[in-house]
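Just below is one structure, and these are the notes that go with it.
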Amino acid sequence: MAIKKATIQQQVAAALAQANPADRPLVTIQAVAGPSVWLMSMLGLIGQLFLTYYFVTVTEQAVVIHKADRLTNRPDEIVYALPPAQVAGAIGDIRRNTLWSSFRFRLPGRAQPTRMNVHRQWRDEMDHLLTLLTGTNPAPGAAGAAVPGPRA
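Mapped onto the numbering used here, the consecutive letters of the sequence shown carry residue numbers -2 to 149.
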């Protein structure tokens, strides 16, 4: 099971190279989709059933979302490969918190935006990813830090 961030990033890069050898990852984050991670943790194993683990990667050509394997924490199947122009307007409601930050991502085929929860170990990468996709830096003190957007 990959726990170290560098190992996870290598595994995602290898999975991307298998899917498209000509593409190169720029930034990768691990995100937990679903309701509040805190609430789901309090519900134990039942709460975990409501969460989906993803790797979100911005590459030179696309935004690629892999589903993460629950047991090995390795990238599993690619669930979305989207052009960056399509993603720019689909991200909003960015919230930076002490432990779990989040943003809303309107995924294709879903009526409501999906809440993507990001642990603080991935926060720098999240800021970089969101800056690449929205053109605004969500870090505190950055110009235009508040990014409104789709909200469920």
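No residue lacks a Cβ here, since even glycine has one placed at the ideal position from N, Cα and C.
Note that the structure is a prediction, hence the values are computed from the model and not measured.
Three or more Cβ pairs closer than 8 Å define a contact, and the segment 15 to 25 meets that threshold against the segment 56 to 75. Boundaries of the beta strand (DSSP E) harbouring residue 25: 22 to 30, taken from the DSSP string.
Taking the Cα of residue 28 as reference, the smallest distance to any Cα among 133, 129, 112 is reached at 112.
Rounded to the nearest angstrom, the gap between the Cα atoms of residue 100 and residue 92 is 6 Å.
The continuous alpha helix (DSSP H) containing residue 13 extends over residues 2 to 16. Contact annotation: residue 130 and residue 117 have beta-carbon atoms that are not nearer than 9 Å. It is roughly 11 Å from the alpha-carbon of residue 37 to the alpha-carbon of residue 49. For residue 89, DSSP records a beta bridge to 101.
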